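Chemist:
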Amino acid sequence: MDLFNNDEVNLFGQGKNLLPFDGEALIYPYFFKEDVFARLVEETPWKQDKMKIYGREVEFPRLTAWYGDSDEVYIYSGVVNVPVPFSSLLNAIKQSAEQQCGYRFNTALLNYYRDGNDSMGWHSDDESELGSNPVIASVSFGASRVFRFKHKIQKDAKVSVELHNGDLLIMRGATQHHWLHQVPKTAKKPGPRINITFRLIG
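Position 174, counted from 1, in the sequence shown is what the numbering used here calls 171; the numbers after and before it change by one each time, with no gaps.
Below you can see the structure in the form of structure tokens.
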């Protein structure tokens, strides 16, 4: 599957940096030309994880799946994620993201936002397994959703962007040290969306 036209590599250049300082979040609108949302919904082994909040278990407000090479286990919010081997579709998406980033990835976290009630809370991808200044490639398929950043120290520093079907967002440099990000709930009743974040662990 040709998800990315190699002849267009130079047209994308370095992307637009969404962050005013303390990091890089490069946006490449409509980077992926082929709509693979329906295939991802059907082929992915989605699960409903739970986390503990103030001593009680609550379900994640989204469905998730974890893919990776060999035994790259990833833990976040107290959930141990054992990887599923990359499918041919995910591998094709990964290779296109790697080509643009100039960076190798060995894991992918998929989040399925079924409607406006599904969300992702404020967090940084700063787990020790990711190393210092990790490069993270975030790909969106399906309905558009708002993605927000806020600085950890300078509380008035906030950035908001709407991510569309096929958009690629690359977070790198000191971004995870200085910024939090989220996908907030919305009452606008958007359609379903899948986000894939590629990372290098180990």
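Just so you know, even glycine gets a beta-carbon here, dropped at the ideal spot from N, CA and C.
All of these numbers come straight from a predicted model, not from anything done at the bench.
So what's SER129 in DSSP terms, helix, strand or just coil?
Modeler: In this structure, SER129 counts as coil in the three-state DSSP scheme.
Chemist: Pick out the complete alpha helix (DSSP H) segments inside the stretch 122 to 191, 4 residues or longer, and give them in chain order.
Modeler: Correct list: 172 to 175.
Chemist: If you check the beta carbons only, do ASN108 and THR41 fall under 7 Å apart?
Modeler: Their beta carbons are not under 7 Å apart, which means ASN108 does not touch THR41 by this criterion.
Chemist: Just curious, the beta strand (DSSP E) that ARG101 is in, first and last residue?
Modeler: That residue, ARG101, is in no beta strand (DSSP E); it is neither H nor E in DSSP.
Chemist: Tell me which same chain residues have a C-beta within less than 7 Å of the C-beta of ARG101, skipping the five on either side of it?
Modeler: These residues qualify, in order along the chain: GLU95 and LEU197.
Chemist: So for ASN78, helix, strand or coil by DSSP?
Modeler: In the structure shown, ASN78 sits in a strand (DSSP, three-state: E or B).
Chemist: Would you mind sorting ILE45 into buried or exposed? The rule is 16 or more other CB atoms within 10 Å of its CB.
Modeler: Sequence inspection shows Gln at residue 45; the Ile mentioned does not correspond to that position. Looking at its Cβ environment, which holds fewer than 16 other Cβ atoms inside 10 Å, GLN45 is exposed.
Chemist: Reducing DSSP to helix, strand and coil, say where ASN114 ends up.
Modeler: The answer is coil: DSSP assigns ASN114 none of H, G, I, E or B.
Chemist: Beta carbon of LEU16, beta carbon of ILE191: below 7 Å?
Modeler: No, they are not a contact pair.
Chemist: Out of LYS186, ARG169, SER137 and PHE195, which has the shortest C-alpha to C-alpha gap to ALA201?
Modeler: Coverage of the chain is limited to positions -2 through 199, which leaves residue 201 absent and any answer about it impossible.
Chemist: Does DSSP put ARG53 in a helix, a strand or coil?
Modeler: Of the three classes helix, strand and coil, the one that applies to ARG53 here is strand, per DSSP.
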